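Engineer: Handing you this structure, nothing more for now.
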Amino acid sequence: MQNHRVVVTGLGVCAPNGVGVPAFKEAIENGKSGIRFYSELEKLNFSCQIGGMPLISEAVKSRYFTPLQLRNFNAAGILYGVAAGIEAWQDAGLKIDDEQCDFDSGTIFGVGTLGVDKYRESIYKVDEGNTRRLGSTSVQQTMSSGVSAYLGGMLGLGNLVTTNSSACTTGTEAVLLAYERIKDGKAKRMLAGSTSDGGPYVWCGFDALRILPSKYNDKPAKASRPMAADASGFVPGSGAGALVLESLESAQQRGASIYAEILGGHSNSGGQRQEGSMTAPNPIAVKRCISDALINASVEASAVDVINGHLTATTKDDLEIQNWSEALGRKGADFPYINSLKGMTGHCLAASGSIECVASVLQLKHQFLFPNINLEQVHPAIAAQISETRIPRTKTDLQFNILAKASFGFGDVNCCLIFSTFQS
24 MQNHRVVVTG LGVCAPNGVG VPAFKEAIEN GKSGIRFYSE LEKLNFSCQI GGMPLISEAV
84 KSRYFTPLQL RNFNAAGILY GVAAGIEAWQ DAGLKIDDEQ CDFDSGTIFG VGTLGVDKYR
144 ESIYKVDEGN TRRLGSTSVQ QTMSSGVSAY LGGMLGLGNL VTTNSSACTT GTEAVLLAYE
204 RIKDGKAKRM LAGSTSDGGP YVWCGFDALR ILPSKYNDKP AKASRPMAAD ASGFVPGSGA
264 GALVLESLES AQQRGASIYA EILGGHSNSG GQRQEGSMTA PNPIAVKRCI SDALINASVE
324 ASAVDVINGH LTATTKDDLE IQNWSEALGR KGADFPYINS LKGMTGHCLA ASGSIECVAS
384 VLQLKHQFLF PNINLEQVHP AIAAQISETR IPRTKTDLQF NILAKASFGF GDVNCCLIFS
444 TFQS
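Structure follows, in structure tokens:
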């Protein structure tokens, strides 16, 4: 079995609070929210009338798609994924060969709900008897692997080109799967990421479950409140994140800039047993996922400096902190620093893990912690477990080496990655 070191050489992002890595980095440093009020949700009688969606200009669209590709195009998730994926590819300094297929490079690009608006458009046309007016691209805009298929063709990828789907764990899992493929010597480079549609037809089920906040429609930027005593539900979001992973040998041979290294990770399921269910995590599995990730990465629990949590601003935030504390055997002021991006972006569903991985890598590379915004009073159950000094409220410059990133999703699925600063 081969055992290649795996590094991150490119980043790309379409987030509610920043499209493109420079804008996104500035936004997370300054605690800028991308959550907005949407009148369409008000007209449709949603209780929660706010959300986070990337602001995509026509200039951005034309940067990544030809006019022909944009004809009859109505798949926001694919747009987000392509923009983030190609940005990451170019950021890594990789070229696009229009003639030859690159058999050393592939993509694992995950989705949750994809092509909803295109499906809706198609259903109306079919019901009206206008099937022939669907256009020639309706299939690729609505198939689950549409985003990886677009990226595979645009970049000429000849290695594994596929899509994973594991609810809110999707993006983090995609990075882990890509890492494992490179580590095992099956690819030199992998574009890893995930994307998610947004809007009423994606968010409606969550609104029906009454797990979204309904009292912040007039102050959307204040609505997402991870770890707060007054957190009242997650704000729905959408977008995409992408990372180019590469074997260290490949990166060094071409003189690539290196953001960070992935030391290892683990994914598992709680089987919807013990306290686990379709919508709640099994704590035993969560703690085992974290512990096994550390074992896989050959990292001691005491070495973890920072955690980028899942932390959605629901009643499960304190349970997540408890699971981290017990898995690491650390509490109070000995607990690592911890932050959640969802205060700024909302919960971007299948895209959340990849967007948060981009944020995690930026923190490692530039040695800072982004703030936990909207955290006026820490939930008392959390404050009883860890010191509030470990929960930064402002941008904090910090020299650190090890960051643990985890995501937990519907279906009782878990994934944890261990990132580090790159040391040759």
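Numbering (my numbering), first residue to last: 24 to 447. Glycine included, every Cβ here is placed at the ideal spot set by N, Cα and C. A quick note: this is a predicted structure, and the numbers were derived from the prediction, not measured.
Is the stretch 210-221 touching the stretch 95-108 in the sense that three or more CB pairs, one from each, lie closer than 8 Å?
Structural biologist: With a cut-off of 8 Å, the stretch 210-221 and the stretch 95-108 count as touching, because enough Cβ pairs lie within range.
Engineer: Counting only runs that start and end within the stretch 34-121, where is the alpha helix (DSSP H) found for 4 or more residues in a row?
Structural biologist: Fully enclosed alpha helix (DSSP H) runs of 4 or longer: 44-52, 62-66, 81-87, 90-93, 99-114.
Engineer: My parser needs the beta strand (DSSP E) runs of 3 or more residues fully inside the stretch 294-335; what are they?
Structural biologist: Qualifying beta strand (DSSP E) stretches, in chain order: 329-331.
Engineer: Between ALA106 and VAL83, how many whole angstroms is the CB-CB distance? I'm expecting something under 8 Å.
Structural biologist: The residue you call residue 106 lines up with position 83 of the sequence shown. The residue you call residue 83 lines up with position 60 of the sequence shown. With 8 Å as the limit, ALA106 and VAL83 qualify as a contact, their Cβ atoms being about 6 Å apart.
Engineer: State the beta-bridge partners of PHE362 as determined by DSSP.
Structural biologist: Counting from 1 along the sequence shown, the entry for residue 362 is found at position 339. Sequence inspection shows Asn at residue 362; the Phe mentioned does not correspond to that position. For ASN362, which the question treats as bridged, DSSP gives the partners ASN331.
Engineer: Assign LEU385 to one of three DSSP states: helix, strand, or coil.
Structural biologist: Numbered from its first residue, the sequence shown carries residue 385 at position 362. Three-state DSSP puts LEU385 in a helix.
Engineer: Is it right to say ARG413 is buried, meaning 16 or more other beta carbons lie within 10 angstroms of its own, or is it exposed?
Structural biologist: Working through the sequence shown from its first residue, we reach residue 413 at position 390. Looking at its Cβ environment, which holds 16 or more other Cβ atoms inside 10 Å, ARG413 is buried.
Engineer: Tell me, which residues are paired with ASN437 by DSSP?
Structural biologist: Position 414 of the sequence shown holds residue 437. Beta-bridge pairing links ASN437 to ASN291, PHE431.
Engineer: Beta strand (DSSP E) containing GLU343: first to last residue?
Structural biologist: Counted from its first residue, the sequence shown places residue 343 at position 320. Counting along the chain, GLU343 falls outside any beta strand (DSSP E), though it belongs to the alpha helix (DSSP H) covering 340-351.
Engineer: Mapping the DSSP letters down to three states, classify PHE132 as helix, strand or coil.
Structural biologist: In the sequence shown, residue 132 corresponds to position 109, counting from 1. Strand at PHE132.
Engineer: Under 8 Å by Cβ, that's how I've got SER189 and GLY366 pegged, so tell me the actual separation to the nearest angstrom.
Structural biologist: Taking the first residue of the sequence shown as position 1, residue 189 is located at position 166. Taking the first residue of the sequence shown as position 1, residue 366 is located at position 343. With 8 Å as the limit, SER189 and GLY366 do not qualify as a contact, their Cβ atoms being about 24 Å apart.
Engineer: Out of LYS118, ASN40, SER247, ALA263, which one is the CA nearest neighbour of PHE132?
Structural biologist: To locate residue 132, count along the sequence shown from 1; it is residue 109. Per the Cα distances, ALA263.
Engineer: Taking the alpha-carbon of ILE330 as reference, which of LYS242, PRO223, PRO249, ILE425 has the nearest alpha-carbon?
Structural biologist: The residue given as residue 330 occupies position 307 in the sequence shown. Of LYS242, PRO223, PRO249, ILE425, the residue nearest in Cα terms is ILE425.
Engineer: Identify every residue that forms a DSSP beta bridge with THR185.
Structural biologist: On the sequence shown, residue 185 is found 162 positions in, with the first residue counted as 1. DSSP lists ILE131 as partners of THR185.
Engineer: Which residues does DSSP pair with PHE391 in a beta bridge?
Structural biologist: On the sequence shown, residue 391 is found 368 positions in, with the first residue counted as 1. According to DSSP, PHE391 bridges with ASP420.
Engineer: For THR130 and VAL30, I'd like the C-alpha separation in whole angstroms.
Structural biologist: Reading the sequence shown from its first residue, position 107 is the one you call residue 130. Reading the sequence shown from its first residue, position 7 is the one you call residue 30. If you take the alpha carbons of THR130 and VAL30, they lie about 15 Å apart.
Engineer: Around the C-beta of ASN346, are 16 or more other C-beta atoms found within 10 angstroms, so that it is buried, or is it exposed?
Structural biologist: Here the question's residue 346 lines up with position 323 in the sequence shown. Per the 10 Å Cβ criterion, buried.
Engineer: THR449 and ALA38: beta carbons closer than 7 Å?
Structural biologist: It is not possible to answer for residue 449, since the shown part of the chain is limited to 24 through 447.
Engineer: If you compare alpha carbons, which of ALA350, VAL401, SER325 is closest to PHE423?
Structural biologist: Counted from its first residue, the sequence shown places residue 423 at position 400. Selected option, being the one with the closest Cα: SER325.
Engineer: Given 8 Å as the limit, is there contact between the stretch 203-215 and the stretch 223-235, that is, 3 or more CB pairs closer than that?
Structural biologist: Too few Cβ pairs lie closer than 8 Å, so no.
Engineer: According to DSSP, is PRO249 helix, strand or coil?
Structural biologist: Here residue 249 is taken as the residue at index 226 of the sequence shown, counted from 1. PRO249: coil per DSSP, three-state reduction.
Engineer: Between the alpha carbons of GLY278 and GLU343, how many angstroms are there, rounded?
Structural biologist: In the sequence shown, counting from the first residue as 1, residue 278 sits at position 255. In the sequence shown, counting from the first residue as 1, residue 343 sits at position 320. Computed Cα separation, rounded: 40 Å.
Engineer: Could you work out which residue in VAL198, ASP435, ASP253 is closest to SER383 when comparing CA atoms only?
Structural biologist: Indexing the sequence shown from 1 puts residue 383 at position 360. Checked all of VAL198, ASP435, ASP253; the closest Cα to SER383 is VAL198.
Engineer: Just curious, the beta strand (DSSP E) that GLY262 is in, first and last residue?
Structural biologist: Within the sequence shown, numbered from 1, the residue matching residue 262 stands at position 239. Counting along the chain, the beta strand (DSSP E) containing GLY262 begins and ends at 262-270.
Engineer: Could you tell me the boundaries of the alpha helix (DSSP H) in which GLY194 lies?
Structural biologist: On the sequence shown, position 171 is the one that residue 194 refers to. Element bounds for GLY194: 193-206.
Engineer: Looking only at DSSP bridge pairs, what is ALA215 linked to?
Structural biologist: Within the sequence shown, residue 215 is the residue found at index 192, counting from 1. In DSSP, ALA215 forms a bridge with ILE131, LEU266.
Engineer: Cα separation between TYR61 and LYS354?
Structural biologist: Residue numbering aside, residue 61 sits at position 38 when the sequence shown is read from its first letter. Residue numbering aside, residue 354 sits at position 331 when the sequence shown is read from its first letter. Spanning the two alpha carbons is a distance of roughly 40 Å.
Engineer: At what residues does the alpha helix (DSSP H) containing GLN163 begin and finish?
Structural biologist: Start at 1 with the first residue of the sequence shown, and residue 163 comes out as number 140. Segment 161-165, the alpha helix (DSSP H) holding GLN163.
Engineer: From what residue to what residue does the alpha helix (DSSP H) around PRO243 run?
Structural biologist: As a working mapping, residue 243 is identified with position 220 in the sequence shown. No alpha helix (DSSP H) holds PRO243; DSSP gives it neither H nor E.
Engineer: For a quick check, are the C-beta atoms of PHE391 and ASP420 less than 7 Å apart?
Structural biologist: Here residue 391 refers to the residue found at position 368 when the sequence shown is read from its first residue. Here residue 420 refers to the residue found at position 397 when the sequence shown is read from its first residue. In this structure, ASP420 lies closer than 7 Å to PHE391 by Cβ.
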